[in-house]
Each structure stands twice: as structure tokens, then as C-alpha cells.
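Enquirer: Sharing a structure, written as C-alpha cells. Questions coming.
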Amino acid sequence: MREFTVLKFRTMKASTGDTAHREYIRGTMTAAAVPGANGLYKLERDDSVTRVGRWLRRTSLDELPQLLNVLRGDMSLVGPRPCLSYETESFAPHHFERFLVPAGLTGLWQVAARASVTFGEALDMDVAYARGWSFGLDLRLLARTPFQVLRQRTSTA
1064 MREFTVLKFR TMKASTGDTA HREYIRGTMT AAAVPGANGL YKLERDDSVT
1114 RVGRWLRRTS LDELPQLLNV LRGDMSLVGP RPCLSYETES FAPHHFERFL
1164 VPAGLTGLWQ VAARASVTFG EALDMDVAYA RGWSFGLDLR LLARTPFQVL
1214 RQRTSTA
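Structure follows, in C-alpha cells:
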């Protein structure tokens, strides 16, 4: 696992800390966890998200700068989403297998289950992707990603 800075447009107020997100991640790793309306990584904190940030998130444009991460070789187009260092504190041992492949802009859980699984289930899907990686799978995921983004955009608009 190589650390790098994930580029992203700021969607939250600068004064927003990470304590609530840390607790949220810990809570999503329990057997009773269910994803919120905004999905896995989008902790429901409407007071912290800016108006422009809400639009950027809804359109998935907040992640556009990550194309620079891909060009620099930090990320791939397809792979598990990069995670924050403290998120690994809740990983089961097998979840670390997700780091056998580069982080990506899109991946299996984003296309197959985006906001309908818990954080632990998303990690399991990342591991399944890493174990079953193929060029054909990447092509299928790349082809399905725009439809998933459009579907999410219309369901949250």
C-alpha cells in the first residue's frame, strides 16, 4: 500500500473535522450497519457540505481532479477506491488484499452496488475485484460507469 494525495474538489466547509467520519466508518463495519441515503462514504452532514459541493457530489464532478492522479501513476481508471489511512483500522485481515491492485476512479462496488452496501461489503467487493482482476472486467466496469453516474444523478436530483 503506497500512500499518495488524492486530488478532489473541496465539497465541505474547511472547518469540518474528521471525527464524525471516523466514527461513521467504525459504525459501518458492524454486522448491523446499513448504508445511509447518501451511500457509504458520504456521511449525511448537510450543514457541512457547501451548496456548490452538493452539486459537485451529485454530478460526481468532485472526483474529476483524480484524473491527474491517474496521469501521475498514483491511480488507475479501474480499481478499489482509495481509502483514508484511518479506515484501515477497521479492516478485517482479508480486506488488505484490495491493495494488491492500484486504487481506481471507478470499481466493482461503485458500478454494482454504489450506495446499497455497507462499508464492509464494499471492501469485500474490492477484494473480489483484486482476486478476479482481468482486462475484460476492467472494460466492462468502464463501460458501465457512465450509466451508473447518470443513474445516481437522476435519483438524487
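Under the working numbering, the residue at position 93 of the sequence shown is numbered 1156, and the numbers go up by one with no gaps.
Every residue gets a Cβ at the ideal spot worked out from N, C-alpha and C, and that includes glycine.
Between which residues of its own chain and H1158 is the CB-CB distance below 7 Å, once the five residues before and five after are set aside?
Expert: Along the sequence shown, read from residue 1 onward, the residue named residue 1158 stands at position 95. Once the five neighbours on either side are set aside, the close Cβ partners of H1158 are L1186 and V1190.
Enquirer: Taking only the alpha-carbon atoms, compute the straight-line gap between L1134 and V1112 and give it to the nearest angstrom.
Expert: Reading the sequence shown from its first residue, position 71 is the one you call residue 1134. Reading the sequence shown from its first residue, position 49 is the one you call residue 1112. Rounded to the nearest angstrom, the two C-alpha atoms are 28 Å apart.
Enquirer: Whose CA, out of C1146, W1118, S1123 and K1076, lies closest to the CA of V1069?
Expert: Taking the sequence shown and counting its residues from 1, one reaches residue 1069 at position 6. Comparing Cα positions, the closest option is C1146.
Enquirer: Could you check how far apart the C-beta atoms of L1204 and V1174 are, in whole angstroms? I think they sit under 8 Å.
Expert: Along the sequence shown, read from residue 1 onward, the residue named residue 1204 stands at position 141. Along the sequence shown, read from residue 1 onward, the residue named residue 1174 stands at position 111. Contact between L1204 and V1174 holds, since their C-beta atoms are separated by about 5 Å, short of 8 Å.
Enquirer: Is it buried or exposed for E1152, if we count other Cβ within 10 angstroms and need 16 for buried?
Expert: Within the sequence shown, residue 1152 is the residue found at index 89, counting from 1. The residue is exposed, with fewer than 16 neighbouring Cβ atoms inside 10 Å.
Enquirer: Have a look at the DSSP bridge pairing and note the partners of S1139.
Expert: By 1-based counting over the sequence shown, the position of residue 1139 is 76. G1167, per the DSSP bridge assignment.
Enquirer: Please confirm if S1078 has its CB atom under 8 Å from at least one CB of chain D.
Expert: Looking for chain D here will not work: only one protein chain is present.
Enquirer: Please indicate yes or no: does the CB of A1155 lie closer than 7 Å to some heavy atom of the ligand ADP?
Expert: By its list of ligands, the structure shown contains no ligand whatsoever, and the ligand ADP lies outside what it can speak to.
Enquirer: If we call anything under 8 Å between Cβ atoms a contact, is L1171 one with Y1192?
Expert: Position 108 of the sequence shown, counted from the first residue, corresponds to residue 1171. Position 129 of the sequence shown, counted from the first residue, corresponds to residue 1192. Yes; because the gap between Cβ atoms is below 8 Å, this pair is in contact.
Enquirer: How about G1167 and S1139: do their beta carbons lie closer than 8 Å?
Expert: Residue 1167 sits at position 104 when you count from the first residue of the sequence shown. Residue 1139 sits at position 76 when you count from the first residue of the sequence shown. Yes. Within cutoff.
Enquirer: Output the distance between the C-alpha atoms of R1161 and P1143, rounded to the nearest integer angstrom.
Expert: By 1-based counting over the sequence shown, the position of residue 1161 is 98. By 1-based counting over the sequence shown, the position of residue 1143 is 80. Their Cα atoms are separated by approximately 7 Å.
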